[in-house]
Every structure is written in structure tokens, then in C-alpha cells.
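Note that the UniProt record's numbering gives residue 361 to position 361 of the sequence shown, counting from 1, and the numbers run on in steps of one.
Heads up, the thing below is written out as C-alpha cells.
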Amino acid sequence: MNNKHLQLHAKSINHPETFWAQAADSIDWSSTWDCVLDDSNAPFYRWFAGGKMNTCYNAVDRHVAQGRGEQIALQYVSPVTDCEYGISYRELQAQVSRLAGYMDSLGVKKGDRVVIYMPMVPETAFAMLACARIGAIHSVVFGGFAANELATRIDDAKPKLVLSASCGIEPSGVVAYKPLLDDALAQASHQVEHCIILNRSQCEAELLAGRDIDWQAAVASAPNIDCVPLESTDPLYVLYTSGTTGRPKGVVRDNGGHAVALAWSMKHIYDIDCGDTFWAASDVGWVVGHSYIVYGPLLVGATSILYEGKPIGTPDPGAFWRTIAKYKVKSFFTAPTAIRAIKRDDPNGDFIQGVDLRCLQNLFLAGERCDPDTLHWSEDTLKKPVIDHWWQTETGWPVAANLMGYAPVAVKPGSPALAVPGYQIDVVDVMGEEVAANESGNVVIKLPLPPGTLTTLWQNEQRYQDSYLAMHPGYYLTGDAGYKDDEGYLYIMSRIDDIINVAGHRLSTGRFEEVLCQHEAVAEAAVIGVKDILKGQVPLGLVVLKKGVTLHDEEINQQLIHLVRQEIGPVASFRLVSAVQKLPKTRSGKILRGTMRNIADNQDYKIPATIEDPATLDIVRNTLTRMGYADAHV
């Protein structure tokens with residue numbers, strides 16, 4: 001065990017104000033804070049209260065001011081369009097300040113919300129930074145979401161402006177964004193004043209007079225605008241995460257604590273400093289894209305790769321490795337599902353042969369549990385350290401990790417290693433009592449959470465408390481179950497709720513069920529996450545049909561698959577669905593999703609004492625067996 005990690009962690013827990021005040025020295029402040037940790041309104045803790053700064057200035061302008069304007073800030077790599085170019089910090093400053101200037105001319109001010117619905121292009125990062133520059137609160141919505149999902153986020157955030165593009169590009173072809181945006185705006189109750197549209201040559205969109213504005217023309221004539229000093233505690237962005245049906249959960253991130261935590265993590269966890277090249281192979285629609293494509297690397301003056309493509313098929317499973325070699329990537333971050341996809345297409349690592357990866361120091365994996373097989377294959381094939389680490393949309397940066405830039409510890413397959421400084425992780429039972437080493441329980445984090453984590457949920461403090469703080473007072477409920485071993489290594493094993501993890505994307509089973517029940521033939525539905533060798537989990541739906549339905553099963557199944565794709569989007573990976581006569585329930589009416597999931601995944605299970613009709617489990621088991629699942633015993 002590396003004592004340096006443990007000593008640093010102890011300092012962060014025992015003397016948090018001293019620890020984070022020192023970390024804050026890496027950020028430029030307009031004025032110093034009144035107190036490092038404001039606990040006067042607990043559990044709504046605030047970091048660096050009274051301090052003023054600007055995230056965009058710290059990510060862009062100060063690097064130009066320090067004489068490094070010609071360094072590449074963003075390296076755009078787009079195998080789907082066969083386009084690559086670098087954007088210097090000086091050019092990034094010019095693009096961002098003009099876009100911010102145009103937004104300001106439209107009346108967008110501090111505190112206004114801006115929804116960003118765009119593909120993986122540099123302009124998406126420009127949009128985020130432009131919002132940060134003038135204090136507007138951005139909310140990025142992943143381009144793969146369907147129109148109604150976008151509409152719910154527009155209604156919740158109530159943006160003054162939407163920034164979008166005419167299309168995104170997937171291996172399967174061009175995906176037109178503008179019709180989806182138009183449909184979402186038609187569905188939304190909130191009326192948006194303007195939309196700035198980036199027209200791409202692959203699919204140009206027709207602009208609506210009076211509402212839509214051409215991006216290139218607007219920015220070309222816009223004035224530059226300086227960064228606006230903001231309170232450390234002012235919101236930087238709202239990012240929607242998985243929730244039950246109804247109003248989505250908007251995670252709120254502040255400015256000051258976020259910048260301090262990300263800068264600290266870049267150096268201590270990812271071993272990235274000024275001038276290094278870092279690549280997070282994710283999407284800006286997810287928290288990884290926010291933290292480690294845009295903000296984190298730029299805050300420390302690194303070069304960040306912005307990649308528009310996939311691990312396979314654009315054009316082959318060697319694309320990642322060639323990109324790493326070409327741009328001298330020092331640390332690479334992706335999801336285990338990406339590695340599994342590469343492994344599936346290139347099991348012997350043939351596409352790595354002949355690629356010079358001497359620049360690569362570490363491969364980081366997160367977004368879902370990294371199974372030991374994936375970790376070992378990566379280690380054996382790349383001959384590099386493979387670092388699993390664990391965090392959430394809500395935390396914004398790693399909770400458990402190996403500090404590769406400060407004090408690496410031994411890798412244990414299946415574990416994201418130790419608690420990161422700032423986080424006190426405990427494993428408790430349902431009564432909130434800490435369990436023994438190697439005993440499973442609910443994974444919780446003692447309050448206050450460190451800087452950079454969520455401060456609340458957008459416009460809903462009560463839901464924040466109910467969702468995360470109520471079950472175990474004094475602790476943040478992660479929603480994950482797991483255990484710690486004798487050395488304090490954490491093991492995350494499953495979710496304790498009904499959120500499923502599809503290729504790193506957390507999706508609500510309740511949302512799937514809501515969509516399935518929209519079909520006129522469906523009376524009831526239950527969706528569970530089943531194990532998948534590539535994606536970690538995929539959704540499997542069981543539906544009870546209304547009496548008198550005359551459609552054939554295959555016809556209904558295809559209609560349901562199409563309906564989910566239309567309502568939730570292709571990100572759902574929904575292809576498994578079957579009709580059953582009856583769903584297993586407790587006497588109180590609760591569907592036994594956990595039991596069904598155990599059956600599907602060939603896990604031992606017990607018939608609950610409260611079950612209404614035990615025969616329903618046999619019905620489900622037989623159905624799951626026909627679908628290629630379920631071979632366990634009671």
C-alpha cells in the first residue's frame with residue numbers, strides 16, 4: 001500500500017479547508033473567498049463562498065495571457081468526415097469571445113439558461129465556454145436523444161437560447177438534428193426566443209425566419225466580449241441525469257469548486273499538466289465530456305482531443321490506437337464497453353501491431369464496472385497500466401481512483417482502488433450501520449461532499465434531499481451497492497435502484513416502461529437490465545398485452561422496438577422484448593424486477609415471501625429462457 005495516498009486522503013478529511021485552499025491556488029481568482037467551506041446552510045454546502053472567478057478565463061484566456069496562445073487547445077479528429085485540425089488557445093479565445101458577444105447581443109445574460117444540442121464538433125466546446133464566459137448556465141443535451149426527451153429538458157431548464165447543428169454523423173449515416181429540434185420545440189411548453197444553428201455540409205438545414213440564426217454568419221460579425229467575474233457559487237451548468245418518469249433531474253455544478261476539483265484531478269489522478277495531450281473518448285453530452293473533454297484539460301493548459309467517431313467501424317478497431325500515436329496522447333480515458341467492442345473485432349490485438357504507443361502512459365476506464373477480463377486483455381495487449389476508476393454524473397469527477405500523478409497503488413482487478421482525497425466512502429446496511437470489510441452494502445459518501453460535486457438539483461432542492469440525502473442522514477447516497485476489502489479498496493457491484501447502465505449511459509427502466517405502455521396493445525410492462533458482454537447491460541422488456549389483441553407477437557415486438565427508438569433514441573439499445581401472460585408481483589403490487597433480473601442473469605434467487613402468485617416466476621423464467629437468458633436455480 002502506498003502511504004502517500006493514505007496520508008493525502010487523511011489530510012483532505014481531517015483538514016478539508018486547508019487542503020482545498022491549497023488546491024485553489026491553481027485557479028486565478030478575481031477576488032479571494034470569504035471562507036473555503038460555507039456550512040451555514042447545511043446540507044447545502046458551498047465552496048469558496050464570496051470568491052469571484054470565471055471558468056472560461058481560467059480555461060482559455062489566462063493561457064493566452066501567459067504566452068501560450070499558439071499551443072493547440074483542442075485537436076479535432078473526425079474519421080466520420082475525414083477531417084482533422086487543431087485549434088490554438090488564441091483561436092479558441094477568438095471563437096469563444098465572438099460567440100459570447102453575439103449571445104450577449106441577443107440579450108443572454110448571467111443566470112440565463114442556454115440549451116446546447118450538438119454533435120462532437122469544436123463549436124460545441126465553443127458554445128459551452130461562451131456560456132461560461134458571460135455567466136449563462138448551459139445545459140448540454142446528448143444529440144442521440146429523441147425530440148420528446150429534448151422537450152422535457154427545455155421545459156425544465158427554460159432556456160433563453162438554443163444552440164444546435166443541422167446534423168450529427170454516425171457510422172450508420174447522417175442524423176438530421178434540425179427536425180428533432182423543431183419537433184422538440186413544438187412539443188415544449190416553454191417558448192425559446194432564438195436558435196443558433198451550425199449548418200454542416202453533410203446535411204444543411206432550412207432556417208426558420210425570425211427564430212433561427214446562422215452560426216457562421218452570426219459569429220463572423222459579432223464583437224468580442226470579455227469574461228464576466230462570477231461568484232464561485234454561481235451555477236456553471238445543469239446536466240440532466242437518469243431519473244424516474246416525469247420531470248428530469250438536473251444536476252447543478254458551480255463555478256469555483258468545479259474548477260478547483262477538476263484542475264486537481266487532472267494532475268493527481270490523470271497525470272496531466274500544462275502542454276500534455278489528454279484524450280477522453282466520450283461525448284460532450286455526458287459528464288465525462290463536460291469534465292474531461294472541455295473543462296478539465298483546458299483548466300490545466302493541456303491539449304484535449306475532441307473525437308467524432310466510434311471505437312470500431314470508423315473505420316476499424318485500430319482507430320483509437322493510431323490517434324493516440326499520431327497526437328502523442330499521454331493519458332487516454334474511455335469506457336470498458338469501447339474496449340470490449342475493440343476486443344470483439346480484434347481479439348488478438350492485430351491492429352495495435354506496428355503502432356508506436358510509447359507516448360501513452362496510462363489507460364483509464366470508467367462509466368461502468370470494468371470486468372477483470374476487459375482489464376487483463378487491455379493490460380496484455382497494450383502493455384500499459386490500466387486504471388479503473390469510479391464516479392458519477394452527480395460527483396462530476398472521480399470518487400475512487402488510483403492517483404497516477406501522485407501516488408499510484410497496486411491495481412486490483414474489479415476495483416477502482418481507493419477513495420480519492422476529499423471523499424469519505426463508507427459501506428452501510430439498510431439501517432445506516434457500517435458493515436465489515438468484504439461485506440456488501442449501500443455505498444455512501446459522508447457529507448460535506450468535496451468541491452466540484454453537485455450543489456443541488458435544478459429548481460428542486462427538496463428532490464435533491466429526497467433522492468440523495470434522506471435515506472442515510474449525514475451521507476450522500478450513491479445508489480450503488482458494493483464493498484470494501486481489508487485494505488480499503490472499493491468494489492462497485494450493482495445499482496440499488498432500477499437505473500440500468502447501457503454502455504456507460506445510465507437509463508431509467510421506468511422511462512422504458514412508460515414508452516412501452518404507450519402502445520395500444522400493451523396493458524403493462526416491466527423492463528430490467530440484463531448482462532451484455534459488450535455494453536455491460538442492455539434493457540429487456542416484458543409486456544402484458546391487452547385482451548383481444550390480434551397482432552402477431554413478432555409484429556408487436558418490432559413495433560415496440562421502433563417505439564422505444566423513436567421516443568428515447570438509439571442510445572437505448574432496446575432490442576429484447578417479449579409478451580408474457582402475467583408479471584410477478586408482491587401482494588402490494590410491486591413488480592419483482594430484482595428477482596427477474598437475477599433469473600435472467602443466471603443468479604441464485606429466492607422466491608419472496610410476499611409474492612402474490614409464485615407461478616408467475618415460472619412464466620417469466622420460461623420466457624427468458626426462450627430469449628436466451630435464465631438458466632439458474634432457486
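We put the beta carbon where it would ideally sit given N, CA and C, even for glycine.
Alpha carbon of residue i to alpha carbon of residue j, nearest angstrom
i	j	result
residue 328	residue 82	20 angstroms
residue 455	residue 68	33 angstroms
residue 73	residue 304	6 angstroms
residue 44	residue 251	13 angstroms
residue 489	residue 389	11 angstroms
residue 508	residue 573	13 angstroms
residue 649	residue 117	Lying outside 1 to 634, the shown extent of the chain, residue 649 is not represented and no answer is given.
residue 127	residue 152	21 angstroms
residue 99	residue 123	10 angstroms
residue 577	residue 160	40 angstroms
residue 201	residue 212	17 angstroms
residue 503	residue 55	30 angstroms
residue 51	residue 381	47 angstroms
residue 633	residue 365	The predicted model places residue 633 with a pLDDT of 46, which falls under 50 and marks its position as unreliable, so this point remains unresolved.
residue 114	residue 253	15 angstroms
residue 336	residue 604	26 angstroms
residue 525	residue 262	41 angstroms
residue 563	residue 228	45 angstroms
residue 630	residue 487	35 angstroms
residue 575	residue 332	31 angstroms
Three-state secondary structure (DSSP) of residue i
i	result
residue 15	coil
residue 219	helix
residue 635	One cannot answer for residue 635 here, as it falls past the ends of the chain, which runs 1 to 634.
residue 245	In this prediction, residue 245 scores a pLDDT of 46, lower than 50, which makes its location untrustworthy; no coordinate-derived value is stated.
residue 581	coil
residue 102	helix
residue 131	helix
residue 484	strand
residue 26	helix
residue 266	helix
residue 616	helix
residue 20	helix
residue 350	helix
Proximity below 8 angstroms, CB of residue i to CB of residue j
i	j	result
residue 419	residue 443	no
residue 129	residue 165	no
residue 167	residue 195	no
residue 37	residue 448	yes
residue 625	residue 584	no
residue 290	residue 237	yes
residue 459	residue 519	no
residue 342	residue 311	yes
residue 482	residue 269	no
residue 317	residue 345	yes
residue 356	residue 325	yes
residue 48	residue 232	yes
residue 158	residue 134	no
residue 451	residue 12	no
residue 568	residue 186	no
residue 391	residue 352	no
residue 225	residue 192	no
residue 537	residue 500	yes
Proximity to residue i [Cα-Cα], best of the options
i	options	result
residue 339	367, 330, 188 and 201	367
residue 376	107, 598, 159 and 413	413
residue 156	423, 173, 351 and 239	239
residue 579	226, 76, 527 and 104	527
residue 102	215, 275, 111 and 20	215
residue 433	422, 417 and 472	472
residue 87	80, 97, 78 and 70	70
residue 371	387, 324 and 362	387
residue 29	396, 256, 595 and 630	256
residue 299	23, 137 and 188	23
residue 283	119, 230 and 225	119
residue 183	148, 34 and 323	148
residue 175	593, 606, 598 and 566	566
residue 230	485, 53, 521 and 453	53
Closer than 8 angstroms to chain C by CB, residue i
i	result
residue 27	Of the protein chains in this structure there is only one, and it is not chain C.
Original post:
Which runs of the beta strand (DSSP E), 3 residues or longer, sit entirely within the stretch 179 to 223?
Top reply: 194 to 198 and 212 to 214
Original post:
Unbroken alpha helix (DSSP H) runs of length 4 or more, entirely within the stretch 372 to 426: which are they?
Top reply: 372 to 382
Subject >> Whole runs of the alpha helix (DSSP H) within the stretch 35 to 78, excluding any shorter than 4 residues >> reply: 62 to 65
Subject >> In chain order, each alpha helix (DSSP H) run of at least 4 residues that lies wholly inside the stretch 130 to 175 >> reply: 147 to 157
**OP:** With a floor of 3 residues, list each beta strand (DSSP E) that falls wholly inside the stretch 285 to 323, ordered by position along the chain.
**Re:** 303 to 307
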